[in-house]
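The structure appears below as structure tokens.
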Amino acid sequence: YTIPASGACPAVVSHYTITVTSPSAPATISGTNTLCVGSSSSLTASISGGTWASANTAIATVSASGVVTAVASGSVSIDYTIPASGACPAVVSHYTITVTSPSAPATISGTNTLCVGSTSTLTASISGGIWASANTAIATVSASGVVTAVASGSVSIDYTIPASGACPAVVSHYTITVTNPSAPATISGTNTLCVGSTSTLTASISGGTWASANTAIATVSASGVVTAVTAGSVSIDYTIPASGACPAVVSHYTITVTSPSAPATISGTNTLCVGSTSSLTASISGGTWASANTAIATVSASGVVTAVASGSVSIDYTIPASGACPAVVSHYTITVTNPSAPATISGTNTLCVGSTSTLTASISGGTWASANTAIATVSASGVVTAVTAGSVSIDYTIPASGACPAVVSHYTITVTSPSAPATISGTNTLCVGSSSSLTASISGGTWASANTAIATVSASGVVTAVTAGSVSIDYTIPASGACPAVVSHYTITVTNPSAPATISGTNTLCVGSTSSLTASISGGTWASANTAIATVSNSGVVTAVASGSVSIDYTIPASGACPAVVSHYTITVTSPSAPATISGTNTLCVGSTSTLTASISGGTWASANTAIATVSASGVVTAVTAGSVSIDYTIPASGACPAVVSHYTITVTNPSAPATISGTNTLCVGSTSTLTASISGGTWASANTAIATVSASGVVTAVASGSVSIDYTIPASGACPAAVSHYTITVTNPSAPATISGTNTLCVGSTSSLTASISGGTWASANTAIATVSASGVVTAVASGSVSIDYTIPASGACPAVVSHYTITVTNPSSPATISGTNTLCVGSTSSLTASISGGTWASANTAIATVSASGVVTAVASGSVSIDYTLPASGACPAVVSHYTITVTNPSAPATISGTNTLCVGSTSSLTASISGGTWASANTAIATVSASGVVTAVASGSVSIDYTLPASGACPAVVSHYTITVTNPSAPATISGTNTLCVGSTSTLTASISGGTWASANTAIATVSASGVVTAVASGSVSIDYTIPASGACPAVVSHYTITVTNPSSPATISGTNTLCVGSTSSLTASISGGTWASANTAIA
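Here's what the structure looks like:
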């Protein structure tokens, strides 16, 4: 601060220091701007050194380091303050945080234990969530909360309340415990018992309890021992107790109890010759016959014994086992002596009529004969000739030997007649693409085409022509017996249809004119559909007769089975116009006008010399200069007929010459233009000053739109009237710009129509690489970008064109995503789909068949086909793009239930049946038992084996296997019996068996009895079978060994007579009452 100088004293300056500081720039705050109550997030400021504060700590707090903690839902400003610097104030930056409250977890209620295969519905206390299983291998859950137990284990069923604001989704967990239902135990053991016997059953699973459904038929102990009480069927039940949520499981095993049978008495012949037969009868029916040695004699099912070889054999009649009661065997001894042996015949046993075959016999020396020579003959050397269809015995006879009769061997020959070939009838020519049915005179054959490239034939004989050519259609009668199949052939010729010809030439004619038509294919014929309108020659020359439309036809003739082909060409014929008559003044003075009229309207006027006279469009003639001129009136051409011209001569004479006016003849309202006249001294005038005015110097001012004559008058000269020169000025209003309306955003490839408020303009695109526009204003989007679509109102008179602009924005459509993944699923299974483009949403077109998660996991719900859709969102004007992926869901097959006998004896068979057809049978161990394709099980060796029945895979569902356990037991070997085989009445003998544990019995206790220990006691003379029975084992029957004992009566003692006292040295003869004995002395020292 300066005090100015005073006198000689200098100015005095006081100093005061001012410090100026720059204000701080506000800091930029970055970090999360949404939080969930209870969560925290760190904010950062672009400038350090500031302090953090919350504008409302009830919503969120902030620490000194910028950590924000959400307290309650709401919006709050978190402020960061750069402190004051010098005189500059502190600078505060604001950052808005939105706090949302987390959702409360839902409470889940419902059953928490399930058995595999069962379902239960869970409910959540809060709606709007989604259900999910943490392990779908244990249990699945539907969108409505229905839980389906899949396999044993514990699984969390989760219910998710979706995220709200910054708060994450809230998941409630509910533990479901799934238990496997107890598998039913497999019960094994004898399923048939005899009254009074017992059998122990075993269950494949321990811990169950045994019970009988009817203790009057059989009882069962706690350890599974079944005791047969009386005949009948009873279910022995084994119960596995309940486990978890699964109920108790009961296995049923049916036991059949039967009563034992009594033995039968056998009667009939007991001696036979080898090869002879004899019928035995048993006192009890229903048994089976068997020979103890088929090498000696066989016996038929009806008891007919056939002697095979010499020897003695026991023919046994067995009353079959009744349930578990063993069979009862009666024995009958047959003695066989040798006849001649029969020969064995070998050779073909089927022949076709007319063929031959040689038979051979195993023994030479016999003779051949046919039992029916009408069917087949046989030569002495065994050559058989088939004569007619039928069955015949060819016999080979070994001549009688000794006392045995001749032995005849029989060999049956079946003769079949060859099939006659069928006669085929039907069309034998076809056109490509047509079909025809063939019929055969004999049904039952099969149709076939020798070349399906030319023609195919259906199973019913419908032939379809494929391409031109010849082909044999064959009909085969199948083979019959020894006669081969018979084939009938039928030749079909296939021809190609002619292509229609293309006709070219003039299609319009005037009556009386001609025109030549040409056809693209030669060889056809021309014809007119209406010769009253036009005719056509053989070479295609058309002559127009009368007006109208007519079809000129060109016919390509038929080819093979293909019809003629006609091409049509329409000709339009028009009549020529008549000339018009012209009337009006035919003399004019130069500069004058006259109106001509024509008798026919619609024509156009023209002057043959406009230097002499002109004519307007309405027929007004203006004389230009002296001379003669033709004024022409032209009726325009009609169809193919030319225009018609009428002529009218005008004679023009000279008046005073008018001035020639020059200058602009079109003006826009408000503009001016100066006209000049070739002759001075005239006066200017406007014929209509409302349209335009003209000054004395010829300056024309446009006032309003319209046409106006600006006249320049040369004053009258002599006899000629004043000469007025007319100059037409056309005044136009400037056009107003049009308003354009319509869509201003488009997707590439789409179109939209624009409309202009004023019609008559033209459309154009400023950049056709982005969008084009049609003459009617339809915009087609070509590529993304912005483009101006312009609408131009054309220039009107002297007024310029007016252009309106409209901006269109074009966006590219999204490409559809490609979906990949499995397209077949089994109900209950899942599969993940992937899309080639991210950002889309997944949806199922039918959630009753399959659902899809947000991440593309498809869950199969029920069988059927469903589209899984993946939608990419809309972009600009382009709509959302949906990709479709078809998933086929199939139901898994239910396992079949197998039924049938579950115990077999080695070598026996049994048929199993499955509750569901279409499966395949297999044995898990063919060393124990095999199974045929029809389910017949054959026991091979002792043991247990699973017979499996597999239903094939269906769609994506795997094959289903049912198991059935068969127990196979070995049959007991027959015991060998040893001991004395002849006894005297009253004596005893002990027999021994090579196998212990059997029971002894006598087939006839009237001859001999046997004790439980095998001691035989002879009762009366005769032969008797002593039987030793090894009891049944498993499914194998008891085995009986036979031992024949012959019992003889002791002789009666003879009565001796003679002298009973002798002297030493003397002799005496004794006689015995029975001859044949031998004498002996008990003491030869005495006598």
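Counting from 1, one number per residue, gives the positions in the sequence shown under full-length UniProt numbering.
Built from N, CA and C at the ideal position, the CB exists for glycine as well.
In this text the structure is predicted, and so the values were computed from the model without any measurement.
Is it buried or exposed for residue 818, if we count other Cβ within 10 angstroms and need 16 for buried? exposed
Indicate the three-state DSSP secondary structure (helix, strand or coil) for residue 116 in the structure shown. coil
Segment limits, beta strand (DSSP E) that includes residue 153: 153-161
Between which two residues does the beta strand (DSSP E) containing residue 590 stretch? Residue 590 -> no beta strand (DSSP E), and no H or E assigned at all.
With a CB to CB cut of under 6 Å and the five nearest residues on each side skipped, what residues in its chain are close to residue 514? Excluding sequence positions up to five before and after residue 514, its CB lies within less than 6 Å of the CB of 541, 543, all in the same chain and listed in chain order.
Where residue 1063 falls, given that 16 or more other Cβ within 10 Å makes a residue buried: exposed
Can you tell me whether residue 318 is buried or exposed, with buried defined as 16 or more other CB within 10 angstroms of its CB? buried
Pick from 1013, 903, 973, 766 that is closest to residue 992, judged by C-alpha positions: Answer by Cα proximity: 1013.
Check whether residue 40 and residue 64 have beta carbons under 9 Å apart: no
Quick check on residue 402: buried or exposed, where buried means 16 or more other Cβ atoms within 10 Å of its Cβ? Confidence in residue 402 is poor, its pLDDT being 48 and thus under 50, which makes the residue's placement too unreliable to answer from.
Residue 18 - DSSP class collapsed to helix/strand/coil: coil
Please state if the CB of residue 923 and the CB of residue 887 are separated by a distance shorter than 9 Å. no
For residue 29, name the three-state secondary structure that DSSP assigns. strand
Mark residue 294 as exposed unless 16 or more other C-beta atoms lie within 10 angstroms of its C-beta, in which case mark it buried. exposed
Kindly provide the ranges of any beta strand (DSSP E) runs that are 3 or more residues long and lie completely inside the region 874-960, ordered along the chain. Here the runs fully enclosed are 881-890, 903-905, 909-911, 920-923, 929-931, 936-939, 943-951.
In whole angstroms, give me the CA-to-CA distance for residue 1093 and residue 772. Residue numbering for the chain in the displayed model covers 1 to 1087; residue 1093 lies beyond these limits and cannot be assessed.
Start and end of the beta strand (DSSP E) containing residue 787? Per DSSP, residue 787 belongs to the beta strand (DSSP E) from 785-793.
What separation, rounded to the nearest whole angstrom, lies between the Cα atoms of residue 412 and residue 979? It is roughly 49 Å from the alpha-carbon of residue 412 to the alpha-carbon of residue 979.
Okay, do the region 154-171 and the region 127-138 touch, 3+ Cβ pairs below 8 Å being the bar? yes
Under the three-state reduction of DSSP, which class applies to residue 1: helix, strand or coil? coil
Measuring CA to CA, which of 73, 1034, 1029 is closest to residue 1041? 1029
For residue 87 and residue 17, the rounded distance between their alpha carbons: The C-alpha of residue 87 is placed about 14 Å away from the C-alpha of residue 17.
Can you grab the Cα-Cα spacing for the pair residue 753 / residue 639, in whole Å? 36 Å
Given that a residue counts as buried once 16 or more other Cβ atoms are within 10 Å of its Cβ, and exposed if not, what is residue 80? buried
Residue closest to residue 576, alpha-carbon to alpha-carbon, out of 693, 762, 272, 546: Considering only alpha carbons, the answer is 546.
Residue closest to residue 634, alpha-carbon to alpha-carbon, out of 617, 1079, 623, 219: That would be 617, whose Cα lies nearest to the Cα of residue 634.
Quick check on DSSP: helix, strand or coil for residue 815? coil
When the Cα atoms are used, what is the spatial distance from residue 1035 to residue 474? 57 Å
What's the C-alpha gap between residue 759 and residue 741? Near 13 Å, if we compare the C-alpha coordinates of residue 741 and residue 759.
Going by beta carbon distance, what residues of the same chain come within less than 6 Å of residue 654, once the five residues before and after it are set aside? 590, 626
Taking just the CA atoms, how far does residue 321 sit from residue 984? 35 Å
What separation, rounded to the nearest whole angstrom, lies between the Cα atoms of residue 57 and residue 33? 16 Å
Where residue 531 falls: helix, strand or coil (DSSP): coil
Check whether residue 435 and residue 464 have beta carbons under 9 Å apart: yes
Where the beta strand (DSSP E) through residue 273 begins and ends: 271-273
So the candidates are 104, 108, 141; which of them puts its Cα closest to the Cα of residue 118? 141
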